[in-house]
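Chemist: Below you'll find the structure I mean.
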Amino acid sequence: MQSIVSKFSKVKGTILISGASGTGKTYLAKMIHQNSEQKNEPLVCLNLAAVQETLIESELFGHEKGAFTGAYEKRIGYCQMVGKGTLFLDEIGELGLSSQKKLLNLLEEKEYSAIGSNKTNKFSGRIIAATNKNLSEEIKNGNFREDLYYRLMVFNIHLSPVSSDQQLVKKMIDYYFNIYKDEYAKHDLFIDDQCMDKLINFNWPGNIREIKNCMEFLVCMSVDCIREGDLPDWISPLKIKKDFFKEYPLAYRDALDTFEREYFNFILKRFDGRVNFTAQEVGLSKTTLISKIRKFGIDIWSMKKEKIEHANVKDRLILVG
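Structure below.
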């Protein structure tokens, strides 16, 4: 990844980073910014999937007081906030067609206007966009503008799943293992060879994010040595005990509810409460998963690792999980 950072940190134009969830797109965008000429300028991040389509224009360009119902005060948009720095637009594949047109105009004209204002402002920042979708397929399906796609594709980086490179898996395991050893003051902790082999050969569907979470869990829960028996169930599955079902109600519907409650709690915790990603991984629709969350009263917010942080305008970095 360091060679990618070195090459693309010199790029002044728009960069598109594609790859599955958890492959390190946000991390790479940060590294490119921190090694570029804009490193002393703001890095401002916006997760487009977390913003209602009707609010995208206001978020990007800002609005004047009274520009629309509910606009009780003037708002500075991300384009002004970023100045000469880097605007990171995550999940750009989730952007609606009308908002795509506005973003295309921004990229082509390098200028924008706040909602309710006649003043045209110059955009001096650099945009890095990221997606976990195949935008070529989205174009065929009528969900993404072809002209915007080619405007974004000038400088393209594709991140493969981490499991395709066992050397990278080992590096990420060592990297996060050492970070959490320091954080939890467990400097003598080590991973035995059999356990390390199991970790390296696991397919890591959640990619780098899952490795990070797994290392924190293992370091936190271990004393002196991490062995295969210490691994989470999804890496090293446990055999079901013969008396497993004694804990379940006799009535089928009640037993099914008990299983589903435990299952959805487990799988949502595994993916940090991220509804879209969890639904995709387990093969359910987002609507079905949300109905299960409501049915069983599952608190997904307590599962989220990333929290929205508010800082001053220059240093503001917003991460929406």
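Residues in the sequence shown are numbered consecutively from 280, following the numbering used here.
The beta carbon of each residue, even a glycine, is placed where N, CA and C say it ideally should be.
Remember, it's a predicted structure, so these values are computed and weren't measured experimentally.
List the endpoints of the continuous beta strand (DSSP E) containing Val323.
Modeler: From DSSP, the beta strand (DSSP E) with Val323 extends over 322-326.
Chemist: In terms of alpha-carbon separation, which member of Ile296, Phe538, Pro484, Leu385 lies closest to Lys401?
Modeler: Nearest C-alpha to Lys401: Leu385.
Chemist: Would you mind working out which of Val330, Gln379, Phe538, Pro440 sits nearest Ile487, comparing C-alpha positions?
Modeler: Per the Cα distances, Pro440.
Chemist: What is the DSSP secondary structure of Asn400, counted as helix, strand or coil?
Modeler: Three-state DSSP puts Asn400 in a strand.
Chemist: Could you tell me the distance, in whole angstroms, from the CA atom of Tyr455 to the CA atom of Ser285?
Modeler: Looking at the two C-alpha atoms, the distance is approximately 22 Å.
Chemist: Residues in the same chain with beta-carbon distance under 6 Å from Cys474, minus the five sequence neighbours each way, listed in chain order, please.
Modeler: Within the same chain, Cys474 has close Cβ partners Ile505, Arg506, Glu507.
Chemist: My output table needs one value for Leu295: the three-state DSSP class, helix, strand or coil.
Modeler: Note: Leu295 maps to strand in three-state DSSP.
Chemist: With C-beta atoms as the reference, is Glu387 less than 7 Å away from Leu327?
Modeler: Contact: no.
Chemist: Mapping the DSSP letters down to three states, classify Ile577 as helix, strand or coil.
Modeler: Note: Ile577 maps to coil in three-state DSSP.
Chemist: Taking the beta strand (DSSP E) that Arg532 falls in, what are its first and last residues?
Modeler: Here Arg532 belongs to no beta strand (DSSP E); instead the alpha helix (DSSP H) covers 531-549.
Chemist: Hey, how far is the Cα of Cys499 from the Cα of Tyr463?
Modeler: Rounded to whole angstroms, Cys499 to Tyr463 spans 7 Å at the Cα level.
Chemist: Leaving out five residues before and five after Ala308 in sequence, what residues of the same chain have Cβ atoms less than 7 Å from its Cβ?
Modeler: Only Ile296, Phe367, Ile407, Ala409 meet the Cβ criterion.
Chemist: Within 10 angstroms of the Cβ of Arg532, are there 16 or more other Cβ atoms? Answer buried if so, exposed if not.
Modeler: Classification of Arg532: exposed, given that the 10 Å Cβ count is below 16.
Chemist: When burial is assigned at 16 or more other CB atoms within 10 Å of the CB, is Gln331 buried or exposed?
Modeler: Label assigned to Gln331: exposed.
Chemist: What residue range does the alpha helix (DSSP H) around His312 cover?
Modeler: Start and end: 304-313.
Chemist: Among residues of its own chain, excluding the 5 on either side of Phe434, which ones have a beta-carbon nearer than 8 Å to its beta-carbon?
Modeler: Result list for Phe434: Phe287, Val290, Gly292, Thr293, Ile294, Leu295, in chain order.
Chemist: Taking only the alpha-carbon atoms, compute the straight-line gap between Phe575 and Lys380 and give it to the nearest angstrom.
Modeler: Straight-line Cα distance between these residues: approximately 40 Å.
Chemist: Could you give the C-beta distance for Gly356 and Gly341, rounded to a whole number, given that I count them as a contact under 8 Å?
Modeler: That belief holds up - the Cβ atoms of Gly356 and Gly341 are roughly 3 Å apart, short of 8 Å.
Chemist: List the residues that DSSP assigns as beta-bridge partners of Cys493.
Modeler: Answer is none; Cys493 lacks a bridge partner.
Chemist: With distances taken from CA atoms, which of Arg354, Glu489, Asp472 is nearest Thr302?
Modeler: The shortest Cα separation from Thr302 among Arg354, Glu489, Asp472 belongs to Glu489.
Chemist: If we count the other Cβ atoms within 10 Å of its Cβ and call it buried at 16 or more, is Ala530 buried or exposed?
Modeler: Under this definition Ala530 is an exposed residue.
Chemist: Report the rounded CA-to-CA distance for Pro484 versus Ser443, giving the unit in angstroms.
Modeler: Rounded to the nearest angstrom, the two C-alpha atoms are 11 Å apart.
Chemist: Between the beta-carbon of Gly364 and the beta-carbon of Gln317, is there less than 7 Å?
Modeler: The answer is yes: Cβ separation under 7 Å.
Chemist: If you reduce the DSSP assignment to three classes, tell me which class Asp503 lands in.
Modeler: Coil, per DSSP.
Chemist: DSSP three-state call for Tyr463: helix, strand or coil?
Modeler: Here Tyr463 sits in coil by DSSP.
Chemist: Exposed or buried, which one is Asn492 when buried takes at least 16 other CB atoms within 10 Å?
Modeler: It is buried - the Cβ of Asn492 has at least 16 other Cβ atoms within 10 Å.
Chemist: Since Leu339 is in the alpha helix (DSSP H), which residue starts that stretch and which ends it?
Modeler: Segment 335-340, the alpha helix (DSSP H) holding Leu339.
Chemist: For Leu468, which three-state DSSP category applies?
Modeler: Residue state, collapsed to three classes: coil.
Chemist: Tell me where the beta strand (DSSP E) around Asn384 begins and ends.
Modeler: Taken as a continuous stretch (DSSP letters only), Asn384 belongs to no beta strand (DSSP E), being part of the alpha helix (DSSP H) at 376-388.
Chemist: Taking a contact to mean a Cβ-Cβ separation below 7 Å, would you say Leu468 touches Lys477 in this structure?
Modeler: Not closer than 7 Å, so no.
Chemist: For the alpha helix (DSSP H) containing Asp369, list its first residue and its last residue.
Modeler: Element bounds for Asp369: not the alpha helix (DSSP H) but the beta strand (DSSP E), 365-369.
Chemist: Could you tell me the distance, in whole angstroms, from the CA atom of Asp471 to the CA atom of Asp509?
Modeler: If I take the Cα positions, the gap works out to 11 Å.
Chemist: Could you spell out the range, first to last residue, of the alpha helix (DSSP H) harbouring Ala558?
Modeler: Segment 554-561, the alpha helix (DSSP H) holding Ala558.
Chemist: Go through its chain and collect everything with a Cβ distance to Glu495's Cβ below 6 Å, but skip five positions before and after it.
Modeler: Same-chain partners within the cutoff: Tyr459.
Chemist: Gln445 to Asn480, Cα distance in whole Å?
Modeler: Their backbone Cα atoms lie some 7 Å apart in a straight line.
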